[in-house]
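**Q** Once you've had a glance at the structure underneath, I'll fire off some questions.
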Amino acid sequence: MSRKRDRIEVLAEILSICKTPHTKTFIRCHTSVSYEVLQSSIMQLVKRQWLLQDGEGCGQPKFTITAKGRTFLKKWLELQQILGLDIKAVNSNSHGFPADIRVETASVPSSSRSTRSE
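Numbering (the working numbering), first residue to last: 443 to 560.
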């Protein structure tokens, strides 16, 4: 069973598909999201100026990634690569820290420990 994608992954996937102009129908078929999620995502991308709506008045409008959208997508892919490396390292020990990071625990000297006597 595959995991559920989060919103930013859906946005990045839409931007990636829209490197060439495509209709909502095409985008929906290739992202496998509901119409409501697609509609909301496209509105958000257009509002942020990451996606441009082309061809109003001549059939279905098509959507194309903008320069701002390309910048976001590039940075998102770079982050994915970085996180991909870290995720492998995190799974290598039981504390959830990357293997190359030592986590020092503070030790309390026995003479400074307080004892309660009741």
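For glycine and all other residues, C-beta sits at the position ideal for the given N, C-alpha and C. Computed from a predicted model, the values in this text were never measured in an experiment.
In three-state DSSP terms, what is K504?
**A** As a working mapping, residue 504 is identified with position 62 in the sequence shown. Three-state DSSP puts K504 in a strand.
**Q** My output table needs one value for Q495: the three-state DSSP class, helix, strand or coil.
**A** Within the sequence shown, the letter at position 53 stands for residue 495. The answer is strand: DSSP assigns Q495 an E or B state.
**Q** What separation, rounded to the nearest whole angstrom, lies between the Cα atoms of V452 and T506?
**A** Indexing the sequence shown from 1 puts residue 452 at position 10. Indexing the sequence shown from 1 puts residue 506 at position 64. Spanning the two alpha carbons is a distance of roughly 16 angstroms.
**Q** Near T467, what residues of its chain come up, given a Cβ to Cβ distance below 6 angstroms and the 5 sequence neighbours on each side ignored?
**A** Position 25 of the sequence shown holds residue 467. Result list for T467: empty, nothing under 6 angstroms.
**Q** What's the C-alpha gap between G526 and C500?
**A** Translated into positions along the sequence shown, residue 526 becomes position 84. Translated into positions along the sequence shown, residue 500 becomes position 58. Distance between the alpha carbons of G526 and C500 is about 43 angstroms.
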